[in-house]
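Quick note: the sequence shown uses our numbering, first residue 468, plus one each step.
Think of the CB as a built atom: it goes at the ideal place given N, C-alpha and C, for glycine as much as any other residue.
Remember, it's a predicted structure, so these values are computed and weren't measured experimentally.
A quick write-up on the structure given underneath.
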Amino acid sequence: MASYRFQLFLNISFFLILAIGQSSIAAANDDRKASVVFAYIVYMGSAPEGEYLATSRQRTMLQKVIRGSSVEESMIRSYRRSLNGFAAKLTEEEVEELANMKGVVSIIPNRIYHPRTTRSWDFMGFSNTVRRNPTVESNVIIGVIDSGIWPELPSFSDKGFGPPPKKWKGVCRGGKNFTCNNKVIGARFYKSVPSGDESARDNSGHGTHTASTAAGNVVKDVSFFGLAQGTARGGVPSARIAAYKVCHKKGCESVDILAAFDDAIADGVDILSVSLGSAESTEFFDDVIAIGSFHAMEKGILTLNSAGNNGVAGPLGVESVAPWMVAVAASTTDRRLSTKVVLGNGKTLNGFSVNPDTFNGKKLPLLYGREVSSICSEDDARFCSESCVDSKLVKGKIVLCDNSGSDSVVYSAGAAGSIVLDDLPVSFITPLPSPGLNARDYDLLLSYKNSTKNPVAEILRSESIKESYSPVVAQFSSLGPNFIAPDILKPDITAPGAEILAAYSPISSPSGSPVDKRRVKYSILSGTSMSCPHVAGIAAYVKTFHPDWSPSAIKSALMTTAWAMDRTKNPDGEISYGSGHVNPVRAIVPGLVYETSKEDYIKLMCSLGYTQDNIKQISGEISACPVKSKNVPARDMNYPSLAASVPAVKSFTVSFRRTVKNVGLPNSIYRVQISPNPKLKVEVVPKVLTFKALKETKTFTVTVSGGGLSAKSMESTTLVWSDGTHIVRSPIVVHTYPSIKSS
C-alpha cells in the first residue's frame, strides 16, 4: 500500500496529482438554468496588434453565443498581450457554436494543476565566489508562476539594487498591502474562481520557496529551528523577480496559468520557472503549460518545468514532456536529515523526518495504532486514521502507525510523538516528532514492542548527516520515457530537490497541517518543485554570460555539461535523470551547442502525426507540414540527448542526425568517444569535427544497432565530443516503452 505520508506529500505541499477540476457553476438566469456551465479557454492563437481590437472582437464573439446572460457574467478573463483568446463560463451548446467560429483555434476545458517544493548550491560546486557578471545579472528577470511571494523577507530585500531594467514592461498589481521593490519588480495575481484571496501574497509558502531558490538574496545564518543551518541564496542573487500568482487553496486553474504566461511574456521576463504540473496524460495541444511555453520560446524565453513527483508509480510518469521546455527531475545532496529512534533495549533505529524537538533524554511508552481505538476497524486503527486515536489513551505517549500521513490525527489527540511505516527515504516536516522507518526497521520496532512488557522509546532531535552516496535521484521524482514523443528523452536533467531550505511564507504552517501553529520564515521542502528553480537560476546564470543565446542553446549547455550520474546508484538510469546532474560552473562554457528552432518543433509535431489544426492549437498560427517532414523521424530533431523507441525482442538499427554549433574556441578539433555497452553497437560519422570559426556548424550521424531488449526496458551509452578543453556529453538511449499513441 502506498505511503499515506507520501499521498499527503502529493496532495498538500508540492507537485501532485491532477484533480481535473471543472467546478460546475449554477446558471444565473432562466435560459441557462437547465444547462450546466463550465469554465473554458477559447484559444485564438498569437496576440494581434492592438489590445483593444483583440478584446473587442472577443467580446463580440462571446455575445453572439451566450443567451440570457451578459458578456460580463460569462467572461472570466481576456488574453491579449502575448496570446489571443479568452476564458469564459459556457454551456456545451455555446462551446460548440464558438468552436465553429472563424478565428477560434481550439477550446480547452479548464483544469486544475498543482504545485510540485542551502547547501544545494555548494554541493554542485556553485559557491558564492564563482565568477559572475553582477551588472548583467541585475538585468536578468526571472518570472515565477506559482503561489505568489512574500516580498518583505530578507531573501527579497532590494538593498543595493538599482531601478528595474529598462526592458521591464510589467507592473506591480499585488493587491492590498502588497508592495514591490527593486528586487521583486513585478507581481500579479489571478483568480478565475472567487476565493477571497485578492493578493499576490503567498499564503502557502510554495511560491516564496521556489522564487528564493531561483534568485533569492544571500541571507546568512538561516535554519529551520536550528536545523540545516547555513546561508540561504538563490542561483542568481542579483537577478530580479516577477511573481505571477496562479495557485490558491484548491490548486492552480489552467485559465489562470495561461493568463500568467500571456503577461510574463509581454512583461519582458528572461527565464520562466514553473513548478506546476498535471498527472493527466495530455497531448501538447491540451496542456496550457506546453502552449504558454511554446509562445515564450518564440520570444526567446526558456521555460523550466518540474518533472513531477510520482516516481513510485514507475515509468512513463513524467508530466513535463514538451521538447521546448526543460523538464527537471529531483535528486539528493550530500546533506540529509536523519531522526534516530532509541528503544528501551538500547537499540537505535535511523528514521527520516525533520524534527527540531527533543525529549530531553526521556523515553516514553509505545502504543500501537490498533491499541488506541475501540470504534474503528483493525486496518483503520493501525493506520491511525481520522477519529481512530483515543486522546485518553495516547496523551504523552508515542503511537506506532502502519501508514504515514497520520501525524495531524495523532498530534490532535495529544500524543507526544509517532513512529510510522514509510519506505520513502525523504525527511518531511510534521506537526510533532514523527520519524518514518523503512519496513525492516519498523518490523524490528514492532518485534521489540511485542516482546517487551513495558516498551519505551525516545525520538531524538534530527541531525544533519553527510551523505557520500549522493547525488541519487529521489524516489518521488517522476520517471520517463516521454509518453507523447518517445524519441525525445524526458526528463532532461536532474538537480537538488530533496530537503531544500529556502524562504517561506510566515503565515503558513511549515508542515502543511492546520493543527500546526508554528510559523517560520525559512523552511525545508522536497519535490521537483524545488529542483526546477535550481535549474532556472542556473539558466539565468548562463544567460548573464551569453545574453544573445537562444532558449535551445541555453538548454543544450545545461544538458551537455551535466555530471554523469552513477547508474549503479540509480537503477532507472536516464529515464530518471535525463542527461545527468546539472553542473552550473561548466554550463557557461559548453564548447558546442545543439540548437533547435520553432520550425524544428513543428517538424517534430508533424512526425508525431499532429494535424495542421493540432499544431495551430499550440503555435497559434497555420503551420503546414513540409512535404518531407512526415518521413523524418522524431529522433532526428536536433536535441541534446539521443533516444529511440525500438520494438521489443527484435533486432534494431536506428540512426540519429545532429548538428552542433561551435561556441568554444575558434580553431578547435573535437574527437568522439563512445562509452562501452556490449549490448549496443554505435558508429559515428565523422569521428572528428574540425572548426575554424565561432558559430560554425558541423553535422554528424550516429547509428546504433542491437537487439533482444525485453518489453518495457532500456539500454544506454554515452556520446562525448571533446577538444581536450570542453567535454560535450549526450546520452544515447534505446527503449521499448510505448507512447500513449501506441498503447
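- When secondary structure is reduced to three states using DSSP, Trp617 falls in the coil class, being assigned neither helix nor strand.
- Only residues of its own chain outside the window of five on either side were considered, and among them Asp669, Thr675 and Ser972 have a CB closer than 6 Å to the CB of Trp617, listed in chain order.
- Counting along the chain, the unbroken alpha helix (DSSP H) around Asn917 starts and ends at Ala906 to Asn917.
- Going by C-alpha positions, Pro958 is about 34 Å away from Asn649.
- By DSSP's assignment, Ala1020 forms no beta bridge with any residue.
- For the set Glu925, Ala746, Gly735 and Thr1078, the Cα lying nearest the Cα of Ile768 is the one of Gly735.
- Residue burial annotation: Ile1021 is buried, with at least 16 other C-beta atoms found within 10 angstroms of its C-beta.
- Beta-bridge annotation (DSSP): Ser1197 is paired with Leu1186.
- Straight across, the Cα-Cα distance linking Val1130 with Pro661 is about 50 Å.
- Within the DSSP secondary-structure output, Met997 pairs in no beta bridge.
- If you ignore the 5 residues before and after Gly592, its C-beta comes within less than 6 Å of the C-beta of Val1052, all in its own chain and listed in chain order.
- Annotated as distal: Ile1136 and Leu1186, with beta-carbon spacing of 8 Å or more.
- Taken through DSSP and simplified to helix, strand or coil, Lys807 comes out as strand.
- Counting along the chain, the unbroken beta strand (DSSP E) around Phe1119 starts and ends at Ser1118 to Asn1129.
- By the neighbour-count definition (other C-beta atoms within 10 Å, threshold 16), Tyr936 is an exposed residue.
- Cβ-Cβ distances below 6 Å link Ser841 to nothing in the same chain once the five nearest sequence neighbours on each side are left out.
- Contact holds between the segment 896-906 and the segment 878-885, because three or more Cβ pairs, one in each stretch, are under 8 Å apart.
- Looking from the CA of Ala1178, the closest CA among Ala746, Leu912 and Tyr1204 belongs to Tyr1204.
- Using a C-beta cut-off of 8 Å, the segment 739-748 makes contact with the segment 781-788, since at least three inter-stretch Cβ pairs fall below that distance.
- Between Glu1088 and Gln1079, the alpha-carbon positions lie close to 9 Å from each other.
- Between the segment 719-726 and the segment 752-761 there are three or more inter-stretch CB-CB distances shorter than 8 Å, so the stretches are counted as touching.
- Under the 8 Å Cβ criterion, the segment 973-986 does not count as touching the segment 705-719, having fewer than three qualifying pairs.
- Within the model, the alpha-carbon separation for Ala1101 versus Tyr1044 is close to 21 Å.
- Of the other Cβ atoms in all chains shown, fewer than 16 fall within 10 Å of the Cβ of Ser858; this residue is therefore exposed.
- Its chain contains Pro898 and Ser976 as the residues whose beta carbon lies nearer than 6 Å to that of Asp983, once the 5 sequence neighbours on both sides are disregarded; these appear in chain order.
- Bounds of any beta strand (DSSP E) do not take in Lys1065; it lies within the alpha helix (DSSP H) bounded by Lys1065 to Ser1074.
- Residue pairing by DSSP places Tyr1137 opposite Leu1156 in a beta bridge.
- Here Glu966 has Leu804, Ser894, Ile991 and Ser993 as same chain residues with Cβ atoms under 6 Å from its own Cβ, once five neighbours each way along the sequence are excluded.
- Ranked by Cα distance from Thr1166, the first of Ile926, Ala1160, Gly1174 and Leu1156 is Leu1156.
- Counting along the chain, the unbroken beta strand (DSSP E) around Pro576 starts and ends at Ser573 to Pro576.
- Counting C-beta atoms within 10 angstroms of its own C-beta, Asn949 has 16 or more neighbours from the protein chains shown and is therefore classed as buried.
- Around Ala1091, the same chain offers Gln1079 as residues with beta carbons nearer than 7 Å, after the five sequence neighbours per side are excluded.
- Uninterrupted alpha helix (DSSP H) stretches at least 4 residues long and entirely within the segment 521-605 occur at 538-541, 559-566, 586-590 and 601-604, given in chain order.
- For Leu725, the enclosing alpha helix (DSSP H) starts and ends at Ser721 to Asp734.
- Following the DSSP letters along the chain, one finds Ile1042 inside the alpha helix (DSSP H) bounded by residues Glu1041 to Tyr1044.
- Annotated three-state conformation of His676 is helix, per DSSP.
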